[in-house]
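Chemist: Here you go, one structure.
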Amino acid sequence: EPEVTQTPSHQVTQMGQEVILRCVPISNHLYFYWYRQILGQKVEFLVSFYNNEISEKSEIFDDQFSVERPDGSNFTLKIRSTKLEDSAMYFCASNPDSRASPALHFGNGTRLTVT
Amino acid sequence: SQQGEEDPQALSIQEGENATMNCSYKTSINNLQWYRQNSGRGLVHLILIRSNEREKHSGRLRVTLDTSKKSSSLLITASRAADTASYFCATDGVGNTPLVFGKGTRLSVIA
Chain A
1 EPEVTQTPSH
11 QVTQMGQEVI
21 LRCVPISNHL
31 YFYWYRQILG
41 QKVEFLVSFY
51 NNEISEKSEI
61 FDDQFSVERP
71 DGSNFTLKIR
81 STKLEDSAMY
91 FCASNPDSRA
101 SPALHFGNGT
111 RLTVT
Chain B
1001 SQQGEEDPQA
1011 LSIQEGENAT
1021 MNCSYKTSIN
1031 NLQWYRQNSG
1041 RGLVHLILIR
1051 SNEREKHSGR
1061 LRVTLDTSKK
1071 SSSLLITASR
1081 AADTASYFCA
1091 TDGVGNTPLV
1101 FGKGTRLSVI
1111 A
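Written as structure tokens, this is what we have:
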């Protein structure tokens, strides 16, 4: 069964550094999402992306965050200058059609540790 | 915010027993979904119930939805140790807003 893949599985970075988290959504999916989960806490929506542009973003997704779909397969989340509070699991998700098939397919996440 | 809130936060049962988890939300929804998360892994979609449905079954899972009370329940029958995981409800509002997840229920099934 096709799946969403995320790399790396674990990223350690120093405060103030830039990180790029990578995701390969399922190939025929059109809608892409980033969520994050601080350890043991709720899963929080960051951003949704459709047709090469952001369709929705949350208050968390400030100017330090950006997303890009640089080619036909990758979907990236960049954090420009990481803060300690950015430490979390970051999950990429996709679905083929958000209205007809609203269920999301998640990757296994990237654990980001900011020191 | 239509954020779902699961109840209880944690649940521990013996293998073979039924597990019931509840979810409450605040605003009108298009549909409500339940997801499962094994420790350190991504979320896996279990079941979706639309706002005009009241009950849905999938294998050992039974989901109910009461839109008048803005609540849903997930019942796992004849639980197994492998059902040990966190379970989240998620809602999307009218207008196709992004899925919003609750804090989850941690289910432990003891063999």
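Chains as they are written, first to last, in the working numbering: chain A, 1 to 115; chain B, 1001 to 1111.
Just so you know, even glycine gets a beta-carbon here, dropped at the ideal spot from N, CA and C.
1) Along the stretch 1030–1042 of chain B, what residues have a CB closer than 9 angstroms to any CB found in chain A?
2) Between which two residues does the beta strand (DSSP E) holding isoleucine 1029 (chain B) run?
3) Could you pull out every residue in the same chain whose Cβ sits closer than 6 angstroms to the Cβ of leucine 77 (chain A), ignoring the five residues on either side in sequence?
4) Under 8 angstroms Cβ to Cβ from threonine 113 (chain A), same chain only, skipping five residues before and after it: list those, please.
5) Would proline 1008 (chain B) be called buried (16 or more neighbouring beta carbons within 10 Å of its own) or exposed?
6) Within a Cβ cutoff of 7 angstroms, which residues of the same chain sit near tyrosine 31 (chain A), ignoring the five residues on either side of it in sequence?
7) With a threshold of 7 angstroms, establish whether the CB of leucine 30 (chain A) neighbours any heavy atom of the ligand FAD.
8) Leaving aside the five residues before and after asparagine 1052 (chain B) along the sequence, list all residues of the same chain whose C-beta is less than 8 angstroms from its C-beta, in chain order.
9) If you follow the beta strand (DSSP E) that leucine 1048 (chain B) is in, where does it begin and where does it stop?
Modeler: In short:
1) Shown in chain order are the members of the stretch 1030–1042 of chain B whose Cβ falls below 9 angstroms from a Cβ of chain A: Asn1030, Asn1031, Gln1033, Tyr1035, Gln1037, Gly1040, Arg1041 and Gly1042.
2) The count along the second sequence starts at 1 and reaches residue 1029 (chain B) at position 29. Note, isoleucine 1029 (chain B): beta strand (DSSP E), 1029–1037.
3) Residue 77 (chain A) sits at position 77 when you count from the first residue of the first sequence. Closer than 6 angstroms at the Cβ level, and outside the excluded window around leucine 77 (chain A), lie Leu21, Trp34 and Val67.
4) One-based indexing of the first sequence puts residue 113 (chain A) at position 113. Same-chain partners within the cutoff: His10, Gln11, Val12, Thr13 and Ser87.
5) Numbered from its first residue, the second sequence carries residue 1008 (chain B) at position 8. Proline 1008 (chain B) is exposed by the Cβ-count criterion.
6) Position 31 of the first sequence holds residue 31 (chain A). For tyrosine 31 (chain A), same chain residues with a beta-carbon under 7 angstroms away, outside a window of 5 residues either side, are Ser48, Tyr50, Ser94, Asn95 and Ser98 in chain order.
7) Looking at this structure, you won't find the ligand FAD or any other ligand, since it has none at all.
8) Taking the first residue of the second sequence as position 1, residue 1052 (chain B) is located at position 52. Nothing meets the Cβ criterion.
9) Taking the first residue of the second sequence as 1, we reach residue 1048 (chain B) at position 48. In the DSSP assignment, leucine 1048 (chain B) falls within the beta strand (DSSP E) that extends over 1043–1050.
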